[in-house]
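**Q** Respectively, the protein sequence lines represent chains S and B.
By this note's numbering, the letter at position 30 of the first sequence is numbered 850, and the numbering carries on one by one without gaps.
By this note's numbering, the letter at position 116 of the second sequence is numbered 936, and the numbering carries on one by one without gaps.
Note that CB positions come from ideal geometry on N, CA and C, so glycine has one too.
Pasting a structure here, questions to come.
Number of protein chains: 2
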Amino acid sequence: MLRRLADSGERMTEPREIVVRALSAETGVINPEALSYDLHPRGVGRATVYRTLDLLERYGMLTRVHVEGCHGYTLCDEGHHHHLLCSACGRVVPVDATGVEAEILRLAEQLKFRVDTHTLEFAGLCQACQKKTR
Amino acid sequence: MLRRLADSGERMTEPREIVVRALSAETGVINPEALSYDLHPRGVGRATVYRTLDLLERYGMLTRVHVEGCHGYTLCDEGHHHHLLCSACGRVVPVDATGVEAEILRLAEQLKFRVDTHTLEFAGLCQACQKKTR
DNA sequence: ATTCATGCAAAGCTTTTGCATACAC
DNA sequence: GTGTATGCAAAAGCTTTGCATGAAT
Numbered sequence: 821m822l823r824r825l826a827d828s829g830e831r832m833t834e835p836r837e838i839v840v841r842a843l844s845a846e847t848g849v850i851n852p853e854a855l856s857y858d859l860h861p862r863g864v865g866r867a868t869v870y871r872t873l874d875l876l877e878r879y880g881m882l883t884r885v886h887v888e889g890c891h892g893y894t895l896c897d898e899g900h901h902h903h904l905l906c907s908a909c910g911r912v913v914p915v916d917a918t919g920v921e922a923e924i925l926r927l928a929e930q931l932k933f934r935v936d937t938h939t940l941e942f943a944g945l946c947q948a949c950q951k952k953t954r
Numbered sequence: 821m822l823r824r825l826a827d828s829g830e831r832m833t834e835p836r837e838i839v840v841r842a843l844s845a846e847t848g849v850i851n852p853e854a855l856s857y858d859l860h861p862r863g864v865g866r867a868t869v870y871r872t873l874d875l876l877e878r879y880g881m882l883t884r885v886h887v888e889g890c891h892g893y894t895l896c897d898e899g900h901h902h903h904l905l906c907s908a909c910g911r912v913v914p915v916d917a918t919g920v921e922a923e924i925l926r927l928a929e930q931l932k933f934r935v936d937t938h939t940l941e942f943a944g945l946c947q948a949c950q951k952k953t954r
């Protein structure tokens, strides 16, 4: 992740490194405000956190998610995929949804709508949390 | 829409009626702040607009959409469906979702993830705007 | 008569911006 | 040395809330 930034010609600053390392440790949805709060004692300003998240999103390493108050990000390193968000443990499970997408594109074509981007997210319970609840 | 509110036992107040009528005239994404601004001269307060949108969403007559700054609603009167949002004219085109739905269920079952809700939106150009651009 | 919705203004929360300083290249 | 990123604080958005008033049932 750091390497990718460097390779893209971005400056490798300490704050950026701190942010990226904190993100890597995260398994669930990333809340910018909470992250700022966590990183502030380490000398990283709020604005820098927001700016870095923005940067990573532009490079496609992060995606915005819209569940739970509409203000989060999640890691997004592999190819194109979507996310299952567990509402109990907060975990984010990447999922290949090509079947769903194909269906959509078929519909769009039928309606002569040119689809540029799309958003597809699921919320529910992961396998582990289903067991706990039962 | 008004009838549905009344049938649900909600009070039929003038501000609510004004909001609902304004919504019906809308073909695109509804921006709460802009709507408040429009309706303020007619004596409807900001808070009432937000509260009414919230109310309508709870009854499923409105859905939140997440494109363009992540803060909008769109009309949602028919059965279950999704939306194609035209980024040029702002129009919202509903799309029947039964095929997509089946795909989603299949996927969830395969992953043993219990899907409670999902978000699926598309942004692009509607047929009319594609022609204009060309 | 009661209860619920309203408008206003203020507060809350999240995100962005201006600017001088410090750091990476 | 130059140009960009940073931290801070302030500003800007958007949404919610407290409260007294007014309207609907």
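How would you call Arg836 of chain B, buried or exposed, if buried means at least 16 neighbouring beta carbons within 10 angstroms?
**A** Start at 1 with the first residue of the second sequence, and residue 836 of chain B comes out as number 16. Buried, since its Cβ has 16 or more Cβ neighbours within 10 Å.
**Q** By the three-class DSSP mapping on this structure, what secondary structure does Tyr879 of chain B have?
**A** Within the second sequence, the letter at position 59 stands for residue 879 of chain B. Three-state result, Tyr879 of chain B: coil.
**Q** Taking the alpha helix (DSSP H) that Gly919 of chain B falls in, what are its first and last residues?
**A** For the purposes of this step, residue 919 of chain B is identified with residue 99 of the second sequence, where counting begins at 1. Run containing Gly919 of chain B: 918 to 931, per the alpha helix (DSSP H) assignment.
**Q** Using a cut-off of 7 Å between C-beta atoms, extract the partners of Cys946 of chain S located in chain B.
**A** Translated into positions along the first sequence, residue 946 of chain S becomes position 126. The contacting residues are Phe933.
**Q** Listing by chain order, which chain B residues have their CB less than 7 Å from the CB of Glu941 of chain S?
**A** Here the question's residue 941 of chain S lines up with position 121 in the first sequence. Going along chain B in sequence order, the residues near Glu941 of chain S (Cβ under 7 Å) are His938, Thr939.
**Q** Where do the N-terminal and C-terminal ends of the beta strand (DSSP E) with Ala854 of chain S fall, by residue?
**A** Position 34 of the first sequence holds residue 854 of chain S. Taken as a continuous stretch (DSSP letters only), Ala854 of chain S belongs to no beta strand (DSSP E), being part of the alpha helix (DSSP H) at 852 to 859.
**Q** In chain S, which residues lie with their C-beta within 8 Å of the C-beta of Val920 of chain B?
**A** Taking the second sequence and counting its residues from 1, the one referred to as residue 920 of chain B is at position 100. By Cβ distance, chain S contributes Val920, Glu923, Ile924, Leu927.
**Q** Residues in its own chain within less than 7 Å of Ala917 of chain B by CB, not counting five upstream and five downstream?
**A** The residue you call residue 917 of chain B lines up with position 97 of the second sequence. Only His900, His901, His902 meet the Cβ criterion.
**Q** Would you verify that the beta carbon of Asp916 of chain B is, or is not, closer than 9 Å to some beta carbon of chain S?
**A** For this step, residue 916 of chain B is matched to residue 96 along the second sequence. Judged by the 9 Å Cβ criterion, Asp916 of chain B is in contact with chain S.
**Q** Considering only their Cβ atoms, is the gap separating Glu941 of chain S from Val885 of chain S smaller than 9 Å?
**A** The residue you call residue 885 of chain S lines up with position 65 of the first sequence. The residue you call residue 941 of chain S lines up with position 121 of the first sequence. Yes, these two residues count as a Cβ contact at 9 Å.
**Q** Along the stretch 897 to 913 of chain B, where does the CB come closer than 9 Å to a CB of chain S? Name the residues.
**A** Against chain S - using a Cβ distance shorter than 9 Å - the residues of the stretch 897 to 913 of chain B are His902, Leu904, Cys906, Ser907, Val913.
**Q** For His938 of chain S, is the classification buried or exposed, using 16 other Cβ atoms within 10 angstroms of its Cβ as the cut-off for buried?
**A** Translated into positions along the first sequence, residue 938 of chain S becomes position 118. It is buried - the Cβ of His938 of chain S has at least 16 other Cβ atoms within 10 Å.
**Q** Measure the CB-CB distance between Ile924 of chain B and Val915 of chain B and report whether it falls below 9 Å.
**A** Within the second sequence, numbered from 1, the residue matching residue 924 of chain B stands at position 104. Within the second sequence, numbered from 1, the residue matching residue 915 of chain B stands at position 95. Not closer than 9 Å, so no.
**Q** Could you spell out where the alpha helix (DSSP H) holding Val864 of chain B opens and where it closes?
**A** The sequence position of residue 864 of chain B within the second sequence is 44, counting from 1. No alpha helix (DSSP H) holds Val864 of chain B; DSSP gives it neither H nor E.
**Q** Pick out whichever of S:Leu945, S:Tyr879, S:Tyr893 has its Cα sitting closest to the Cα of Asn851 of chain S.
**A** As a working mapping, residue 851 of chain S is identified with position 31 in the first sequence. For Asn851 of chain S, the nearest C-alpha among the options comes from S:Tyr893.
**Q** Can you give me the C-alpha to C-alpha distance between Val839 of chain S and Leu945 of chain S, rounded to a whole angstrom?
**A** Sequence index remark: in the first sequence, residue 839 of chain S carries index 19 (1-based). Sequence index remark: in the first sequence, residue 945 of chain S carries index 125 (1-based). When rounded, the distance between both Cα atoms is 29 Å.
**Q** Could you check the C-alpha separation between Cys909 of chain S and Gln947 of chain S for me, to the nearest Å?
**A** As a working note, residue 909 of chain S is residue 89 in the first sequence. As a working note, residue 947 of chain S is residue 127 in the first sequence. Roughly 11 Å between the two C-alpha positions.
**Q** Please go through the same chain and pick out, in chain order, the residues whose beta-carbon is closer than 8 Å to the beta-carbon of His860 of chain S, but skip the five residues on each side of it.
**A** As a working mapping, residue 860 of chain S is identified with position 40 in the first sequence. Closer than 8 Å at the Cβ level, and outside the excluded window around His860 of chain S, lie Arg866.
**Q** Please report how far the alpha carbon of Arg823 of chain B lies from the alpha carbon of Ala854 of chain B, in whole angstroms.
**A** The residue you call residue 823 of chain B lines up with position 3 of the second sequence. The residue you call residue 854 of chain B lines up with position 34 of the second sequence. Roughly 25 Å between the two C-alpha positions.
**Q** Do you know offhand how far Leu873 of chain S's Cα is from Val912 of chain S's?
**A** Within the first sequence, residue 873 of chain S is the residue found at index 53, counting from 1. Within the first sequence, residue 912 of chain S is the residue found at index 92, counting from 1. Approximately 18 Å, taken between the alpha carbons.
**Q** Please work out which residues of its chain come closer than 6 Å, Cβ to Cβ, to Ala928 of chain S, disregarding the five sequence neighbours upstream and downstream, and give them in chain order.
**A** Taking the first sequence and counting its residues from 1, one reaches residue 928 of chain S at position 108. Excluding sequence neighbours, Ala928 of chain S sits near Val935.
**Q** Beta-carbon within less than 8 Å of Lys952 of chain S's beta-carbon, same chain only, minus the 5 sequence neighbours each way: which residues are those?
**A** Position 132 of the first sequence, counted from the start, is the residue given in the question as residue 952 of chain S. Ala908, listed in sequence order.
**Q** Please tell me whether Glu830 of chain B and Leu882 of chain B are closer than 9 Å, where the distance is taken between their beta carbons.
**A** If you number the second sequence from 1, residue 830 of chain B lands on position 10. If you number the second sequence from 1, residue 882 of chain B lands on position 62. It is not a contact, given that the beta carbons lie outside the stated cut-off.
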